[in-house]
Amino acid sequence: MQEIWGHIHSLMSLRDAARAACVSHSFLRSWRCHPNLTFSKEALVLGWNPYRKSKSSDKESSDRVRKIDHILKNHSGIGLKVVRLELFDAANISTCYLDKWLRLAVKPGLEELELLLDYDAEYNFPCSVLLDGRANSIRLLHLTYCVFRPMAGFSCLRSLTCLSLCDVYITGDELGCLLSCSFALEELTLMSCEEIICLKIPCMLQRLNHLVVHECDNLEVVESKAPNLSIFQYTGGAVKLSLGDALRDLTITASGWNLVHYAGAKLPQIVPYLEALYIISSLAITIPVLPGKFFHLKDLAISFMVSTGSFCPDYDYFSLVSFLDACPSLETFMLSVTQDSVEHDSVLGDLSQLRQMPGHSHGSIKDVTIIGFSSAKSMVELACHILENATSLERFTLETVRYDFRCCDGYSECNPVTEDMMVEAHKALLAVERYLLEKVPSTVELNVVEPCGRCSAAENFDYKLS
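The sequence shown begins at 1 in UniProt numbering and counts up one residue at a time.
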C-alpha cells in the first residue's frame with residue numbers, strides 16, 4: 001500500500017506534494033523521496049501572480065532561498081530524477097547557495113538537471129559537481145545565463161541525450177571537451193553563446209540527430225562530422241557550413257544575408273540528400289539559374305520578412321522559377337511574404353504582357369501556398385507559371401493577408417493589419433479574378449483566403465474595387 005501512495009505522491013507537482021505531506025503521514029514519509037523537484041516561483045511563493053512584471057521583493061527571495069535550502073537538505077536523495085531551479089532573480093541569491101544546492105541535487109540516479117537563471121546572474125557553474133560518476137545518469141542538462149568551463153579530461157555525462165545552453169559563456173574548445181564524452185547525445189541546442197566561434201561536432205556522436213544554433217553572434221563555422229545528424233535549425237549571420245550527407249531537414253533564418261541565393265548556389269553540394277528546406281530571410285537578390293539541383297528535396301518553404309515597411313521593391317518573385325527547376329522531386333512549396341506595405345509594381349493597370357517561361361515542367365509539385373499574396377506583377381507571374389506548368393498540382397492556396405493569429409481560430413480578434421496591406425489585399429483579389437481563375441485546371445483545388453470580414457471590414461478603407 002505504501003508503494004501505491006508513494007507512486008501517487010510522485011505524480012504530484014512539487015507544490016501539491018508538499019501540501020499533501022503536511023496533512024498525511026503516508027505522504028510525509030514519501031516526501032523525502034519525491035522524484036521531481038521543480039523550484040519555480042509558482043511552486044514556492046504563495047499567491048504568486050504569473051502576470052506580475054515587477055521583480056521579487058527581498059523578503060520573497062529570502063523565503064524562496066529558505067524553502068529550497070530546506071527541501072534539498074532534507075531530501076534523502078533516493079529516487080530523485082528531476083531537479084529544475086528557476087531562479088530568475090539569481091542576482092539576489094548568494095553563489096554559495098547555488099553551489100550547495102547543485103552539490104545536494106547531483107547524485108547518481110538524477111536524470112534531468114535544469115538551472116535557469118536571469119541575465120545578470122554572473123554565476124560560474126561548478127563543473128566539479130558533475131565529476132566522480134555523480135552525473136553519469138543525467139540525460140537532460142539545460143543551463144541559462146552562466147559560465148560553464150568544462151576542461152580537457154572532462155569525463156562524465158555519459159548518458160546525456162539532450163543538452164541545451166542558452167546565454168552560456170563557453171568556448172568552442174570547452175564545448176568540444178564536453179561533447180567528446182557525451183556519446184549518447186541526441187539533441188544539442190546552443191542559443192546566444194557568444195564565445196563560440198567555431199562549432200565542431202565530432203564523429204563519435206553517433207546518435208546526434210538534431211542540432212539547433214540560434215543567434216550565436218560570433219560564430220563563423222559550423223562543422224559536423226556526426227554521421228546521423230538529420231535536422232539542423234540555424235538562426236544568425238552568414239557562416240561556413242559543413243553538415244554531412246545524413247542531413248534531411250534544414251531551417252535557416254537570417255538577416256543581412258542573401259539567403260535564397262546562397263541556398264540555391266551552395267546547399268546542393270553541402271547537403272546533397274536534403275528533403276526539407278525552410279528559409280526565412282529579410283534580404284534577397286533576384287537569383288539566376290542555379291548551378292546545382294536538389295534531387296531529393298520534397299518540401300520547400302521560403303519566407304521573406306521585414307519588421308516594418310515593405311520588402312525590396314526590385315525583387316523579382318518570378319525568378320524563383322529557377323529554384324523550382326532545381327527541385328525535380330518537390331511536392332510542396334510555400335512562399336510567405338510579411339510586410340506592412342507593397343511597393344512592387346502592381347499588375348493592375350499594367351498593359352504589358354505577363355512573362356512566361358515555356359518548356360518548364362514541375363511534374364512533382366502537388367501543393368502550393370502563397371501567404372501574403374499581392375498584386376505585385378512578378379508574384380502574379382509566378383502564380384500563373386505554377387498553374388500552367390505544375391502538371392501534378394492538386395491544391396493551390398493564396399492568402400491575401402498574413403495573419404499571425406485569426407479570430408476564427410478562437411482568438412478574440414485577428415492580429416492588426418495596416419490599412420495599406422488591407423488595400424493591397426483587395427487588389428490581390430482583383431488580380432486573382434483577372435489573371436488566375438481562367439488558368440486553374442479543373443483538377444486543382446483553388447483556395448483564396450480573403451481578409452477577415454469581421455475584424456477588417458472592407459468598408460473601413462477608402463479603396464474600392466472597380
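Glycine included, each C-beta is placed from N, C-alpha and C at the ideal position.
Closest by CA to residue i, which one among the options?
{"i": "Gly-77", "options": "Val-65, Asp-340 and Glu-111", "result": "Glu-111"}
{"i": "Ile-197", "options": "Ser-182, Cys-181 and Glu-223", "result": "Glu-223"}
{"i": "Ser-341", "options": "Leu-393, Pro-313 and Ala-263", "result": "Pro-313"}
{"i": "Val-448", "options": "Asn-389, Phe-373 and Met-334", "result": "Phe-373"}
{"i": "Glu-114", "options": "Leu-141, Ser-94 and Lys-107", "result": "Leu-141"}
{"i": "Cys-452", "options": "Ser-412, Val-83 and Val-444", "result": "Ser-412"}
{"i": "Asp-245", "options": "Val-239, Ile-231 and Asn-258", "result": "Ile-231"}
{"i": "Leu-211", "options": "Tyr-234, Ser-61 and Leu-351", "result": "Tyr-234"}
{"i": "Ala-376", "options": "Ser-346, Ile-138, Val-401 and Leu-72", "result": "Ser-346"}
{"i": "Glu-331", "options": "Pro-150, Thr-308, His-70 and Asp-299", "result": "Asp-299"}
{"i": "Phe-396", "options": "Thr-286, Leu-130 and Ile-371", "result": "Ile-371"}
{"i": "Asp-120", "options": "Cys-146, Ser-192, Ser-137 and Gly-309", "result": "Cys-146"}
{"i": "Ile-71", "options": "Pro-35, Arg-454 and Arg-139", "result": "Pro-35"}
{"i": "His-214", "options": "Leu-199, Met-204, Ser-192 and Val-221", "result": "Ser-192"}
{"i": "Val-271", "options": "Glu-438, Tyr-262 and Leu-243", "result": "Leu-243"}
{"i": "Lys-100", "options": "Asn-218, Val-65 and Asn-258", "result": "Val-65"}
{"i": "Ile-280", "options": "Arg-248, Leu-259, Val-168 and Pro-268", "result": "Leu-259"}
{"i": "Ile-93", "options": "Lys-73, Lys-67 and Leu-351", "result": "Lys-67"}
{"i": "Leu-437", "options": "Gln-269, Arg-355, Val-417 and Cys-384", "result": "Cys-384"}
{"i": "Tyr-262", "options": "Val-239, Val-221, Met-422 and Pro-227", "result": "Val-239"}
{"i": "Asp-69", "options": "Leu-104, Ser-352, His-344 and Val-82", "result": "Leu-104"}
{"i": "Glu-122", "options": "Arg-84, Leu-130, Asp-167 and Val-129", "result": "Asp-167"}
{"i": "Arg-84", "options": "His-75, Leu-143, Asp-420 and Thr-443", "result": "Leu-143"}
{"i": "Tyr-323", "options": "Met-204, His-362, Lys-59 and Ser-137", "result": "As written in the sequence, residue 323 is Phe, which differs from the Tyr given in the question. The candidate whose alpha carbon is nearest that of Phe-323 is His-362."}
{"i": "Leu-283", "options": "Ala-276, Ser-329, Leu-241 and Val-337", "result": "Val-337"}
{"i": "Cys-203", "options": "Asp-173, Leu-179 and Glu-343", "result": "Leu-179"}
{"i": "Ser-137", "options": "Glu-60, Asp-420, Ala-276 and Val-82", "result": "Val-82"}
{"i": "Ile-302", "options": "Ala-425, Thr-308, Gly-292 and Ala-276", "result": "Ala-276"}
Mind checking who residue i pairs with in its DSSP beta bridge?
{"i": "Ile-231", "result": "His-210 and Asp-249"}
{"i": "His-142", "result": "Glu-114 and Ser-164"}
{"i": "Val-147", "result": "Asn-124 and Tyr-169"}
{"i": "Ala-254", "result": "Ser-281"}
{"i": "Arg-395", "result": "Asp-367 and Glu-445"}
{"i": "Ser-242", "result": "Glu-223"}
{"i": "Ser-346", "result": "Ala-376"}
Just confirm the distance between the C-beta atoms of residue i and residue j, as a whole number of angstroms; I'd bet it's less than 8 Å.
{"i": "Gly-237", "j": "Ala-265", "result": "Their Cβ separation, rounded to whole angstroms, is 17 Å, which puts Gly-237 and Ala-265 out of contact at 8 Å."}
{"i": "Asp-321", "j": "Met-357", "result": "First, the amino acid is wrong: residue 321 is Val here, not Asp. With 8 Å as the limit, Val-321 and Met-357 qualify as a contact, their Cβ atoms being about 6 Å apart."}
{"i": "Ala-90", "j": "Asp-118", "result": "6 Å"}
{"i": "Cys-225", "j": "Ile-201", "result": "Here residue 225 turns out to be Lys, not Cys, going by the sequence shown. Between Ile-201 and Lys-225 the Cβ distance is about 6 Å, and since that is below 8 Å, they are a contact."}
{"i": "Ile-365", "j": "Leu-393", "result": "6 Å"}
{"i": "Pro-108", "j": "Arg-139", "result": "Going by Cβ atoms, the distance from Pro-108 to Arg-139 rounds to 13 Å, so no, they are not a contact pair."}
{"i": "Cys-216", "j": "Glu-194", "result": "6 Å"}
{"i": "Val-401", "j": "Val-423", "result": "Val-401 to Val-423, Cβ: 11 Å. No contact."}
Is residue i near residue j, with beta carbons less than 8 Å apart?
{"i": "Ala-152", "j": "Cys-127", "result": "no"}
{"i": "Leu-37", "j": "Leu-80", "result": "yes"}
{"i": "Glu-86", "j": "Phe-39", "result": "yes"}
{"i": "Leu-185", "j": "Leu-160", "result": "yes"}
{"i": "Phe-148", "j": "Ile-170", "result": "yes"}
{"i": "Lys-427", "j": "Leu-348", "result": "yes"}
{"i": "Cys-181", "j": "Leu-157", "result": "yes"}
{"i": "Leu-387", "j": "Val-440", "result": "yes"}
{"i": "Asp-404", "j": "Asn-389", "result": "no"}
{"i": "Tyr-435", "j": "Leu-382", "result": "no"}
{"i": "Glu-445", "j": "Leu-429", "result": "no"}
{"i": "Tyr-273", "j": "His-296", "result": "yes"}
{"i": "Val-368", "j": "Phe-333", "result": "yes"}
{"i": "Thr-286", "j": "Ser-319", "result": "yes"}
{"i": "Leu-208", "j": "Leu-175", "result": "no"}
{"i": "Cys-327", "j": "Phe-304", "result": "no"}
{"i": "Asp-325", "j": "His-360", "result": "yes"}
What first and last residue would you give for the beta strand (DSSP E) that runs through residue i?
{"i": "Ser-224", "result": "221-224"}
{"i": "Lys-304", "result": "Note that residue 304 corresponds to Phe in the displayed sequence, not to Lys. Start and end: 299-305."}
{"i": "Val-380", "result": "No beta strand (DSSP E) contains Val-380, which is instead part of the alpha helix (DSSP H) from 377-389."}
{"i": "Cys-198", "result": "198-201"}
{"i": "Leu-188", "result": "187-191"}
{"i": "Tyr-278", "result": "276-281"}
{"i": "Lys-427", "result": "Taken as a continuous stretch (DSSP letters only), Lys-427 belongs to no beta strand (DSSP E), being part of the alpha helix (DSSP H) at 419-431."}
{"i": "Ser-336", "result": "332-338"}
{"i": "Ser-448", "result": "Ser is not the amino acid found at residue 448; the sequence shown has Val there. 445-449 is the span of the beta strand (DSSP E), which, as asked, contains Val-448."}
{"i": "Val-368", "result": "367-371"}
How far does the alpha helix (DSSP H) with residue i in it reach, from first residue to last?
{"i": "Asp-99", "result": "95-105"}
{"i": "Leu-267", "result": "259-270"}
{"i": "Leu-87", "result": "No alpha helix (DSSP H) holds Leu-87; the beta strand (DSSP E) holding it covers 82-87."}
{"i": "Phe-39", "result": "Not the alpha helix (DSSP H): Phe-39 falls in the beta strand (DSSP E), residues 36-39."}
{"i": "Asp-325", "result": "321-325"}
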